[in-house]
Ligand code: UDX
Ligand code: ADP
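In my numbering, the protein residues as written are 587 to 1061.
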């Protein structure tokens, strides 16, 4: 029998998805004990620090953890105990893109999902609802079910659900408090529907029941890929248009604003940028491409692949514009890059456009100084080492400096590049002081549309040469 009522939840994986999601479940369901487990001891230690220096920067998260840690929210490395005690288990482990073997560069590496599932099968002594929470390609739940069923014991039943997470980093807590929808996929059997009801009851503690959608297992899994692919496609579409704007004198902000008034299109997610990043968009689209190819749907695969290619093109186009504007060479010049995270309000750097830009600048033999308000320095070095394959870390360090403030980063710079839309870049820069400290001519490249038309004009009056994505020169 499946557990009659969910009173203990275990989440395997204390990362960007598992951590905030289960912390919010603990906050909203004081009657449920929530234990988040991870193999990574330093990550668990950070979740448990007395001064709440959590391993993830996410606005509002610390407040949630302060309210329930030690009450009904626990962080532990004892994965087996977490599994044994729980009625319901979220599997929130990482599913990176495979680096080698079949499907390398496209397919998701499911080794972490598989090993977590095998561990559940090995140590569980009572029935469990197992919820797939990581982004995984269609039909992973089926593999999980096969592993669990092949290893089930008497009186130990496993029901599998898919419950993809739609939170966006930087707004995760708000997204979890007020989700557009919660999606639960189950087998359409009596047991499957019963398990689905139990998870629904957990969310119904704070989510309007009309926003809790229940669908089949495969639809739920595909929805996650589809939602991210559609969102990323919108950005690639607006970025493709930004290239036309730059060449014609149109202004991408005005175009986005105007098309957004069409209620069928809507105003959100139409901000042209130096390229989308984050752990999901590229990975999920490549999964979709791989899935389509596996299903012999070549044209479908090509269609989605182009969304990622347009994103690569946008990053290349931007770094080329920097080089072209600086009189076709940046060798030996100083470039200040403001922002390293893939978007504002997160310390996450996965697939950040900033990494690609800096790699391009280093290949052109420029000197780069970097400032980001949240990303730890070790993370920056690690990302650059990975991205600049043929350059050793010593060579990278001889051309890159990490600075404590935006102003520091711009001292003696020939060009300033805005790569992340942090609020302090939008509102907190004293442009005159920055200008005074830079080499002349002083160039500004706005890859995040933080400078409106008037702001750009003000900077030009100070003396800056300003280039903004999606606007022609001089706009
Ligand atoms: C995304 C999805 O939004 C979320 O639903 C899913 O659960 C995980 O993937 P996330 O990657 O955290 O969330 O952030 P998101 O706000 O979607 O931004 C992704 C990237 O697109 C960022 O680099 C962002 O700067 C960029 N972006 C976003 C744009 O360039 N323009 C936009 O208009 C919106
Ligand atoms: P996401 O953004 O999907 O949350 P993260 O990489 O931030 O991804 O987090 C995933 C976490 O899952 C990591 O902290 C990793 O150590 C953990 N993890 C992976 N496999 C296991 C496992 N078998 N048991 C426990 N934790 C695991």
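Glycine included, each C-beta is placed from N, C-alpha and C at the ideal position.
For residue 619, the uninterrupted beta strand (DSSP E) segment begins and ends at 619-623. Nearest C-alpha to residue 800 among 778, 825, 770: 770. Each residue's CA atom was taken as its position, placing residue 1012 and residue 703 some 45 Å apart. If the five residues before and after residue 789 are omitted, its C-beta is found closer than 6 Å to the C-beta atoms of 768, 798, all from its own chain and listed in chain order. Per DSSP, the continuous beta strand (DSSP E) segment holding residue 800 begins and ends at 798-802. Taking 6 Å as the cut-off, the C-beta of residue 605 does not count as close to any heavy atom of ligand 1. Its Cα nearest to that of residue 815, the residue 894 stands out among 745, 894, 1039. Residue list for ligand 1: 752, 754, 755, 821, 855, 857, 859, 862, 863, 864, 866, 928, 929 (CB closer than 5 Å to any heavy atom, chain order). Counting C-beta pairs with one atom in each stretch, the region 639-656 and the region 608-620 have three or more that are closer than 8 Å, which means they touch. C-alpha of residue 961 to C-alpha of residue 934: approximately 7 Å in a straight line. Distances between the C-beta of residue 826 and the heavy atoms of ligand 2 are all 6 Å or more. Contact check for residue 927 and residue 958: beta-carbon distance about 6 Å, within the 8 Å limit, so the pair qualifies. Residue burial annotation: residue 869 is buried, with at least 16 other C-beta atoms found within 10 angstroms of its C-beta.
Within the chosen limit of 6 Å, ligand 2 does not reach the beta carbon of residue 771 with any heavy atom. Burial state of residue 938 is buried, judged by a 10 Å Cβ sphere holding 16 or more other Cβ atoms. A contact between stretches requires three or more CB pairs, one per stretch, nearer than 8 Å, and the region 919-926 fails this requirement with the region 837-856. With a cutoff of 6 Å, residue 701 counts as near ligand 2, since its C-beta is closer than that to a heavy atom of the ligand. With 16 or more other CB atoms across the displayed protein chains lying within 10 angstroms of its CB, residue 601 is buried. Secondary structure at residue 716: strand, using DSSP grouped into helix, strand and coil. Runs of the beta strand (DSSP E) lying entirely within the region 768-829 and spanning at least 3 residues, in chain order: 768-772, 798-802. Rounded to whole angstroms, the Cβ separation of residue 672 and residue 596 is 4 Å, and the two are in contact under 8 Å.
Membership of residue 874 in the alpha helix (DSSP H) is indicated by the continuous run 867-880. Using a C-beta cut-off of 8 Å, the region 813-831 makes no contact with the region 780-795, since fewer than three inter-stretch Cβ pairs fall below that distance. Taking 7 Å as the cut-off, the Cβ atoms of residue 1023 and residue 832 do not count as close. Counting C-beta pairs closer than 8 Å gives fewer than three between the region 968-983 and the region 1001-1015, which falls short of the contact rule. Where residue 637 is concerned, there is no enclosing beta strand (DSSP E), because DSSP gives it neither an H nor an E. Residue environment: residue 900 is assigned as buried (16 or more neighbouring CB atoms within 10 Å of its CB, all protein chains considered). At least one heavy atom of ligand 2 sits closer than 6 Å to the Cβ of residue 629. Residue 714 counts as buried, since no fewer than 16 other beta carbons sit within 10 angstroms of its beta carbon.
A straight-line Cα-Cα distance of about 32 Å links residue 984 and residue 1048. With contacts defined as CB atoms closer than 7 Å, residue 1031 and residue 1053 qualify as a contacting pair. For secondary structure counted as the alpha helix (DSSP H) over 4 or more consecutive residues, the region 992-1050 holds these complete runs in sequence order: 992-996, 1009-1013, 1017-1023, 1039-1048. Assigned with DSSP and collapsed to three states, residue 916 falls in coil, not helix or strand. A straight line joining the alpha-carbon of residue 773 with that of residue 838 spans about 45 Å.
Under the three-state reduction of DSSP, residue 957 is assigned to strand. Residue 597: member of the beta strand (DSSP E) spanning 594-598, first to last residue.
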